[in-house]
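Q:
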Amino acid sequence: CLSFIPYVRGNHFQALLPSHLFCLSCSCLLAALCRQCDGGNGWKIEQLPGDHGRTIPLPHVQKYFVTSYESCLKQQMITLRDHGYWDRLMDEARPDIVVSDWYAARFDCGCQYQLCVRLLSKDYIVLQEFLPEPVVIEQWSDTEWHKVSHTFHNYPAGVRYILFEHGGQDTQYWQGWYGIRVTNSSLTLGPQLHLKGQGSNQESCIYQPFQDWGLCRKAGFGPDNRLRELEGTL
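Read left to right, the sequence shown gives residues -39 to -1, 1 to 195 (mature numbering (1 follows the signal peptide of the UniProt record, and there is no 0)).
What follows is the structure, encoded as structure tokens:
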């Protein structure tokens, strides 16, 4: 049985939320992934720090995905209702949606990294997106791990799905796995206020890692920003 406390937005009670923080999180090293684009020799999982690389400042992270000499992309579609985020909650409370990802290059080969996160309606219309410019890392550059993050705040009502996609390739077309390395991808949802459970001085949080990366090879966005089937296979 969940107890509820009022969720305040400005000076008004906007909706009722459970007394714990809902929290949805994922790691790109969990279970199966969707290889939307598997160019060159495809994706590979390697152990940190890898050849000509360095460790990441996250002790719990032991592995990473690495791309090849042609475009390698993977994605996951998150259905919010499946994780307890019902329609009224998303439309009225609009909890912050925070996405983050880690990427790095190897020292001896240049590479490119890209990330795209889209908030979708029930009809798969793009309501808002985070689409930074692709990052190009030159050969002989630093191999430090970089974190990219973004918070969706005050987004339009109607968000029912979140599409997360990242990847890249090497820029020198070397046979093998010399491209961008990615790991520790995450997507979290939570109220904009710090809510506390009744009788507790600490915030509580439901941690729900993604169970898999769903199959979505034949999906794409048309000129009207609607998700639709694409002809052919990758």
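Where a beta carbon is used, it is the ideal one built from N, C-alpha and C, also for glycine.
Please read all numbers here as calculations on a predicted model, not as lab measurements.
1. Between the beta-carbon of VAL120 and the beta-carbon of SER61, is there less than 8 Å?
2. Compute the Euclidean distance between the alpha carbons of ARG49 and ARG55, then round it to the nearest angstrom.
3. Does the segment 139 to 152 come close enough to the segment 26 to 37 that 3 or more CB-CB pairs lie under 8 Å?
4. Determine the DSSP secondary structure at GLU94, reduced to helix, strand or coil.
5. Strictly by DSSP, which residues pair up with GLN136?
6. At which residues does the beta strand (DSSP E) containing ASP103 begin and terminate?
7. Please work out which residues of its chain come closer than 6 Å, Cβ to Cβ, to GLU83, disregarding the five sequence neighbours upstream and downstream, and give them in chain order.
8. Would you call ASN145 buried or exposed, if buried means 16 or more other Cβ atoms sit within 10 Å of its Cβ?
9. Output yes or no for whether 8 Å exceeds the beta carbon distance between GLY129 and ASP57.
10. Could you give the first and the last residue of the continuous beta strand (DSSP E) run that contains TRP63?
11. I need the straight-line Cα distance from residue 197 to LEU80, nearest angstrom please.
12. Helix, strand or coil: how does DSSP classify LEU80 here?
13. How long is the line joining the alpha carbons of TRP101 and GLN8, rounded to whole angstroms?
14. Looking only at its chain, what residues have a beta carbon closer than 6 Å to the beta carbon of SER161, apart from the 5 residues adjacent to it on each side?
15. Going by the DSSP bridge assignment, what does ASP131 pair with across the sheet?
16. DSSP beta-bridge partners for THR112?
17. Excluding the 5 residues flanking GLN23 on each side, which residues of the same chain have their C-beta closer than 7 Å to its C-beta?
18. Specify, as a first and last residue, the run of the beta strand (DSSP E) that ILE39 falls within.
19. From the DSSP output, read off the bridge partner residues of GLY23.
A: On the basis of the data shown:
1. Result no, Cβ atoms of VAL120 and SER61 do not sit closer than 8 Å.
2. Each residue's CA atom was taken as its position, placing ARG49 and ARG55 some 9 Å apart.
3. They touch, by the three-pair rule.
4. Coil, per DSSP.
5. Answer by DSSP bridge pairing: none, since GLN136 is not bridged.
6. Segment: none, ASP103 is in no beta strand (DSSP E) and carries neither H nor E.
7. Just to set this straight, residue 83 is Lys in the shown sequence, not Glu. Spatial neighbours of LYS83 in its own chain (CB-CB distance under 6 Å, excluding positions within 5 residues in sequence) are listed in chain order as ARG121.
8. ASN145 is classed as buried because its beta carbon has at least 16 other beta carbons within 10 Å across all chains shown.
9. The beta carbons of GLY129 and ASP57 sit no closer together than 8 Å.
10. 57 to 65 is the extent of the beta strand (DSSP E) around TRP63.
11. Past the boundaries of the shown model lies residue 197; the chain is included only from -39 to 195, so the question cannot be answered.
12. The answer is strand: DSSP assigns LEU80 an E or B state.
13. Whole-angstrom Cα-Cα distance: 21 Å.
14. For SER161, the pLDDT reaches just 32, beneath the cut-off of 50, and the residue's location in the model is therefore unreliable, although a value from the coordinates is still provided. Once the five neighbours on either side are set aside, SER161 has no close Cβ partner at all.
15. As a beta-bridge residue in DSSP terms, ASP131 pairs with CYS72.
16. The partner list for THR112 (beta bridge, DSSP) reads VAL59.
17. Excluding residues within five positions, the ones whose Cβ falls inside 7 Å are GLN8, LEU9.
18. Taken as a continuous stretch (DSSP letters only), the beta strand (DSSP E) holding ILE39 covers 33 to 40.
19. It should be noted that the sequence gives Gln, not Gly, for residue 23. Note: GLN23 sits in no beta bridge, so no partner.
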